[in-house]
Amino acid sequence: MPTAHVLIADITGSTKLYEELPERDALSQISIILARMRTIIDECGGVCINSKGDDTLSVYTEAEQAFAAARAMIETEWANGMAVHAGAYWGEVLNHGTDVFGDAVNTSARLSVLAKPGEVLMGDTTFEQLSERNRALCVSMGGLKLKGKADPVRVHSFAVGDMDTQTVLFGAKEADNGPRTESAALQAGEREWTLTNGQSVMVGRSADCEAVLEHPWVSRKHGSFELRAAQLEYTDHSSSGSTVITADGQEFSLQRRSMPLNGEGVVLVGTRDPSIETSAVRYATNDLMRD
Numbered sequence: 033m034p035t036a037h038v039l040i041a042d043i044t045g046s047t048k049l050y051e052e053l054p055e056r057d058a059l060s061q062i063s064i065i066l067a068r069m070r071t072i073i074d075e076c077g078g079v080c081i082n083s084k085g086d087d088t089l090s091v092y093t094e095a096e097q098a099f100a101a102a103r104a105m106i107e108t109e110w111a112n113g114m115a116v117h118a119g120a121y122w123g124e125v126l127n128h129g130t131d132v133f134g135d136a137v138n139t140s141a142r143l144s145v146l147a148k149p150g151e152v153l154m155g156d157t158t159f160e161q162l163s164e165r166n167r168a169l170c171v172s173m174g175g176l177k178l179k180g181k182a183d184p185v186r187v188h189s190f191a192v193g194d195m196d197t198q199t200v201l202f203g204a205k206e207a208d209n210g211p212r213t214e215s216a217a218l219q220a221g222e223r224e225w226t227l228t229n230g231q232s233v234m235v236g237r238s239a240d241c242e243a244v245l246e247h248p249w250v251s252r253k254h255g256s257f258e259l260r261a262a263q264l265e266y267t268d269h270s271s272s273g274s275t276v277i278t279a280d281g282q283e284f285s286l287q288r289r290s291m292p293l294n295g296e297g298v299v300l301v302g303t304r305d306p307s308i309e310t311s312a313v314r315y316a317t318n319d320l321m322r323d
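Residue numbers (our numbering): 33 to 323.
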C-alpha cells in the first residue's frame, strides 16, 4: 500500500461569516480561500484530493512539501478575520476513485481539529523528515492518546507568531491552560447530546433551543455550550445568570460571561439550587491524555 504525508487544512471563522453575510456572499468568500489553498498545494508539490465544505485534503511525497504548504496557508492573512489550522501525518493511504482513505487520513483529521487557528500539528514521522532548520521552528507536544489509536501519537507544533499561539498540552506548568477536549457529552433530563469540534447546544425556555428548560427563571435563550479549538465552553447570555459546579464541588457564578469546562460537572441554569434537576445540564468532557 502506498504511503504519503497527508495534510488536512481547515478554515476557521466560516460559521461566523455565514452569520454576518448573505449565504451567497459568504460562500463566495470561502470559495476564494479554498481556491488559494488549492493553488498553494499545487505550488508546493502536493496533490489536492478534495476540498469539501471549508477544508482541503492533500497528499505529498515529501515532508518538506507538506510543511511548506501548511506554513503558507497558516501564515496567509485571509480576509474577514479568517484563519487556517491544519494537521499532517504520514502513513499508508488507500486510493479509491478520486478519494483517499486510511489511518493517516483519520489521524491528520484529528490533529487538524486539535490545532489552533494559525497552527499545524504534525506526527513524528513528518517532523523527523523535515530539515534541521524547519525542525528548529517546531515545539514538541509530547505523546497524545487519540481515539482509534492503540499507542500514543507524538505530536509537534508549528504556529504563526510567538509561543502563545501554539497548542499547550497538559504537564504541570501547563495546567492553567487546561487539557484538550476531543468531544463532550451533555445531559438535560432524558435528553443527551455529544459535541465534537464546532458544535454547540443552546439552552433556554424557547422552543428554538436544543435543550428546552421550561422554568420562569430561565431566559428564552439563556446560555450555550460550544466545543471549539478543543475546549468546551459555557456562555451565559442571561440577566439571571447560571451556576457551574465542578466534580470537586467548586462553584462559579456566571452572568453574561463565558467559562471553559473540563472533566465532569453540572450547570444550573437560572438558579443556584442543585436540587432542581429540571434546571440542570450535566457535562462530561472526553479529554486527551498525555502518555
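Where a beta carbon is used, it is the ideal one built from N, C-alpha and C, also for glycine.
Considering only the beta carbon of each residue, do residue i and residue j sit closer than 8 Å?
{"i": "valine 233", "j": "leucine 245", "result": "no"}
{"i": "glutamate 96", "j": "threonine 35", "result": "no"}
{"i": "valine 298", "j": "alanine 316", "result": "no"}
{"i": "leucine 286", "j": "glycine 273", "result": "yes"}
{"i": "leucine 293", "j": "leucine 320", "result": "no"}
{"i": "threonine 88", "j": "cysteine 76", "result": "no"}
{"i": "valine 38", "j": "alanine 168", "result": "no"}
{"i": "serine 290", "j": "threonine 267", "result": "yes"}
Would you mind giving the Cβ-Cβ distance between residue i and residue j, rounded to the nearest angstrom? I have them listed as a contact below 8 Å.
{"i": "serine 140", "j": "isoleucine 40", "result": "5 Å"}
{"i": "glycine 45", "j": "alanine 102", "result": "Not confirmed; about 18 Å, so no contact."}
{"i": "threonine 213", "j": "asparagine 138", "result": "Contact flag wrong, Cβ pair sits at about 18 Å."}
Cα-Cα, which of the options is closest to residue i?
{"i": "valine 192", "options": "Pro54, Glu151 and Lys48", "result": "Glu151"}
{"i": "valine 132", "options": "Ile72, Ser290 and Asn82", "result": "Asn82"}
{"i": "leucine 23", "options": "Ile277, Met291 and Ala316", "result": "Since the first residue of the chain shown is 33 and the last is 323, residue 23 is not available in this structure."}
{"i": "lysine 181", "options": "Ser63, Gly134 and Thr71", "result": "Gly134"}
{"i": "valine 91", "options": "Arg70, Trp225, Arg212 and Leu293", "result": "Arg70"}
{"i": "alanine 279", "options": "Arg314, Tyr266, Phe257 and Gln263", "result": "Arg314"}
{"i": "histidine 128", "options": "Met33, Arg289, Cys241 and Gln231", "result": "Met33"}
{"i": "aspartate 240", "options": "Thr228, Ser256, Gly230 and Glu109", "result": "Ser256"}
{"i": "leucine 176", "options": "Ala168, Leu169 and Val187", "result": "Val187"}
{"i": "isoleucine 72", "options": "Met105, Leu53 and Glu55", "result": "Met105"}
{"i": "glutamate 94", "options": "Thr267, Ser238, Glu160 and Arg289", "result": "Glu160"}
{"i": "threonine 108", "options": "Arg288, Pro149 and Phe284", "result": "Pro149"}
{"i": "alanine 262", "options": "Glu55, Gly85, Val145 and Gly295", "result": "Val145"}
{"i": "threonine 130", "options": "Lys84, Glu164 and Glu283", "result": "Lys84"}
{"i": "arginine 369", "options": "Thr228, Pro54 and Asp74", "result": "Lying outside 33 to 323, the shown extent of the chain, residue 369 is not represented and no answer is given."}
Using a Cβ-Cβ cutoff of less than 8 Å, which residues in the same chain neighbour residue i once the five nearest sequence positions on both sides are dropped?
{"i": "phenylalanine 99", "result": "Ala120, Val152, Met154, Thr158, Leu162, Asn166 and Phe190"}
{"i": "leucine 49", "result": "Ala58, Gln61, Ile62, Asn112 and Met114"}
{"i": "glutamate 309", "result": "Gly221"}
{"i": "threonine 47", "result": "Gly230"}
{"i": "aspartate 196", "result": "Unreliable placement is indicated for aspartate 196, whose pLDDT of 42 sits below 50; the coordinate value is still reported in the next sentence. Closer than 8 Å at the Cβ level, and outside the excluded window around aspartate 196, lies no residue."}
{"i": "tryptophan 122", "result": "Thr35, Ala36, His37, Val38, Ala95, Ala136, Gly155, Thr157, Thr158 and Gln161"}
{"i": "alanine 204", "result": "Note that alanine 204 has pLDDT 30, beneath the 50 cutoff, so the model's placement of it is unreliable and the number below is only indicative. Excluding positions up to five away in sequence, the list is empty."}
With a CB to CB cut of under 7 Å and the five nearest residues on each side skipped, what residues in its chain are close to residue i?
{"i": "alanine 147", "result": "His117, Ala118, Gly119, Leu153 and Thr199"}
{"i": "aspartate 208", "result": "Any reading at aspartate 208 must be qualified, since the residue scores a pLDDT of 40, below 50, and its modelled position is unreliable; no value is offered."}
{"i": "threonine 226", "result": "Ser215 and Ala217"}
{"i": "arginine 223", "result": "Ala243"}
{"i": "isoleucine 65", "result": "Ile43, Trp110 and Met114"}
{"i": "tryptophan 249", "result": "Ser272, Gly302 and Thr303"}
Using the Cβ count rule (16 or more neighbours within 10 Å means buried), how would you classify residue i?
{"i": "leucine 126", "result": "exposed"}
{"i": "valine 171", "result": "exposed"}
{"i": "threonine 275", "result": "buried"}
{"i": "methionine 173", "result": "buried"}
{"i": "serine 307", "result": "exposed"}
{"i": "phenylalanine 202", "result": "Its pLDDT being 35, under 50, phenylalanine 202 is placed unreliably in this model, and the value from its coordinates should be taken loosely. Result: buried."}
{"i": "aspartate 305", "result": "exposed"}
{"i": "alanine 67", "result": "exposed"}
{"i": "glutamate 281", "result": "Before going further, note that residue 281 is glycine rather than glutamate in the sequence given. Per the 10 Å Cβ criterion, exposed."}
{"i": "glycine 78", "result": "buried"}
{"i": "glutamate 52", "result": "exposed"}
{"i": "glutamate 258", "result": "buried"}
{"i": "aspartate 86", "result": "buried"}
Can you find the residues in the same chain that come closer than 6 Å, C-beta to C-beta, to residue i, ignoring five residues on each side of it along the sequence?
{"i": "serine 270", "result": "Ser251 and His254"}
{"i": "leucine 178", "result": "Arg142 and Val185"}
{"i": "histidine 247", "result": "Ser311"}
{"i": "glutamine 219", "result": "Arg314"}
{"i": "glutamate 296", "result": "Ala279 and Ala316"}
Is there at least one Cβ from chain D nearer than 8 Å to residue i's Cβ?
{"i": "valine 244", "result": "Included in the structure is just one protein chain, with no chain D present."}
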